[in-house]
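Peer 1: Can you keep this structure in mind? I'll have questions shortly.
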Amino acid sequence: MKILENATYNKNDFEITQREYLYQGFIKVEKISLKHQLFNQLAYTSTIQRELIRRKEAAGVLLYNDQQQRFALIEQFRVGAIDDPVSPWQLEIIAGVLDDDESPESCIRRESVEESGCEIQDLEHLFSFYPSAGACDEVFHLYVAQAELPKHGGVFGMPDEGENIQLHILNYADLQPLLASGRLRNAPVIMALQWLKQHIVPLGHA
Numbered sequence: 001m002k003i004l005e006n007a008t009y010n011k012n013d014f015e016i017t018q019r020e021y022l023y024q025g026f027i028k029v030e031k032i033s034l035k036h037q038l039f040n041q042l043a044y045t046s047t048i049q050r051e052l053i054r055r056k057e058a059a060g061v062l063l064y065n066d067q068q069q070r071f072a073l074i075e076q077f078r079v080g081a082i083d084d085p086v087s088p089w090q091l092e093i094i095a096g097v098l099d100d101d102e103s104p105e106s107c108i109r110r111e112s113v114e115e116s117g118c119e120i121q122d123l124e125h126l127f128s129f130y131p132s133a134g135a136c137d138e139v140f141h142l143y144v145a146q147a148e149l150p151k152h153g154g155v156f157g158m159p160d161e162g163e164n165i166q167l168h169i170l171n172y173a174d175l176q177p178l179l180a181s182g183r184l185r186n187a188p189v190i191m192a193l194q195w196l197k198q199h200i201v202p203l204g205h206a
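Residue numbering for the sequence shown follows the UniProt record's numbering, starting at 1 and increasing by one per position.
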């Protein structure tokens with residue numbers, strides 16, 4: 001199977017005819033009119049309109065410790081999951097939005113202290129990806145890092161920013177039941193824990 005290393009088309013193969021902001025706040029919403037190249041044709045589409053949610057880049061990290069055989073997740077209320085049939089309190093990895101020219105690594109180190117009290121040094125980058133490219137331009141940088149984890153969780157976050165975050169410390173033995181439970185509902189935590197599952201198999205913990 002051929003690996004699709006290059007896109008079929010690139011940034012020169014679409015044309016924006018009009019764009020305007022419909023809303024500008026913590027997020028921005030832009031209305032864009034455009035045409036783009038059709039597959040296997042010389043023609044472009046007719047003019048189409050799309051709403052684009054603009055968000056700053058974000059970064060997240062899964063904290064784990066092979067010696068302790070444990071990993072850390074956080075739980076917090078998420079408005080995007082307010083209509084979730086089970087709960088808007090979501091299990092996640094530690095994550096945050098990059099400030100101005102901040103690097104993903106700097107963001108992660110800051111967020112780790114704020115959301116778990118854990119200081120981290122060495123980071124391993126897994127993927128950078130668009131969580132929802134159909135409507136949002138956010139890019140998410142996913143990392144993992146070994147850290148000295150506390151024996152018990154606690155409540156963390158920045159209250160002045162409306163954060164109320166529960167830290168959970170779990171055993172490697174909890175990983176597979178958690179993946180099978182249906183409790184995980186966002187892409188970064190699922191991707192990170194799938195990586196952890198592959199990581200711990202050679203260690204004999206799964």
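Ideal Cβ placement from N, Cα and C applies to all residues, glycine included.
Bear in mind that the values here come from a model prediction, so they are computed numbers and not experimental data.
1) Closest to PRO131 by C-alpha separation, out of SER103, HIS141, ASP174, would be which residue?
2) Since I believe LEU63 is in contact with ALA147 (beta carbons under 8 Å), could you give me their beta-carbon distance rounded to a whole number of angstroms?
3) Which runs of the beta strand (DSSP E) at least 3 residues long sit entirely within the stretch 25-95? Give them in chain order.
4) Would the beta-carbon of ILE53 fall within 7 Å of that of VAL29?
5) Does the beta-carbon of ILE16 have 16 or more other beta-carbons within 10 angstroms, so that it is buried, or is it exposed?
6) Would you be able to state if there are at least three C-beta pairs under 8 Å between the stretch 100-108 and the stretch 13-27?
7) Going straight from the alpha carbon of THR8 to that of GLN37, what length do you get?
8) Do the stretch 84-97 and the stretch 170-186 touch if we need at least three Cβ pairs shorter than 8 Å?
9) Would you mind reading off the limits of the beta strand (DSSP E) that contains VAL144?
10) Can you give me the C-alpha to C-alpha distance between ASN164 and ALA59, rounded to a whole angstrom?
11) Using only the alpha-carbon positions, how far apart do LEU34 and GLN24 sit?
12) Go to SER106, then tell me how far its alpha helix (DSSP H) extends in each direction, as first and last residue.
13) GLU111 and GLY96 - do their beta-carbons sit closer together than 7 Å?
14) Would you give the residue range spanned by the beta strand (DSSP E) that ILE169 belongs to?
15) When the Cα of ILE149 is compared with those of GLN166, GLU138, LEU175, GLY117, which residue comes out closest?
Peer 2: Walking through what the data contain:
1) As a first step, residue 131 is located in the sequence shown; it is residue number 131 there, counting from the start. Considering only alpha carbons, the answer is HIS141.
2) Reading the sequence shown from its first residue, position 147 is the one you call residue 147. Reading the sequence shown from its first residue, position 63 is the one you call residue 63. Their Cβ separation, rounded to whole angstroms, is 4 Å, which keeps ALA147 and LEU63 in contact under 8 Å.
3) 28-36, 48-54, 58-65, 70-77, 89-92
4) For the purposes of this step, residue 53 is taken as residue 53 along the sequence shown, with counting starting at 1. For the purposes of this step, residue 29 is taken as residue 29 along the sequence shown, with counting starting at 1. Result yes, Cβ atoms of ILE53 and VAL29 sit closer than 7 Å.
5) The residue labelled residue 16 in the question sits at position 16 within the sequence shown. Counting Cβ neighbours within 10 Å, ILE16 comes out exposed, since fewer than 16 surround it.
6) no
7) Counting from one through the sequence shown, the residue named residue 8 turns up at place 8. Counting from one through the sequence shown, the residue named residue 37 turns up at place 37. Distance between the alpha carbons of THR8 and GLN37 is about 10 Å.
8) yes
9) As a working mapping, residue 144 is identified with position 144 in the sequence shown. 140-146 is the extent of the beta strand (DSSP E) around VAL144.
10) By 1-based counting over the sequence shown, the position of residue 164 is 164. By 1-based counting over the sequence shown, the position of residue 59 is 59. Looking at the two C-alpha atoms, the distance is approximately 19 Å.
11) Along the sequence shown, read from residue 1 onward, the residue named residue 34 stands at position 34. Along the sequence shown, read from residue 1 onward, the residue named residue 24 stands at position 24. Those two C-alpha atoms are separated by around 21 Å.
12) Counting from 1 along the sequence shown, the entry for residue 106 is found at position 106. Looking at the DSSP string, the run of the alpha helix (DSSP H) that includes SER106 is 104-116.
13) In the sequence shown, the residue the question calls residue 96 occupies position 96. In the sequence shown, the residue the question calls residue 111 occupies position 111. In contact: GLY96 and GLU111 (Cβ atoms closer than 7 Å).
14) Here the question's residue 169 lines up with position 169 in the sequence shown. Looking at the DSSP string, the run of the beta strand (DSSP E) that includes ILE169 is 165-171.
15) As a first step, residue 149 must be located in the sequence shown, where it is residue number 149. Here the sequence assigns Leu to residue 149, which means Ile is not the residue at that position. Ranking the options by Cα distance to LEU149, first place goes to GLY117.
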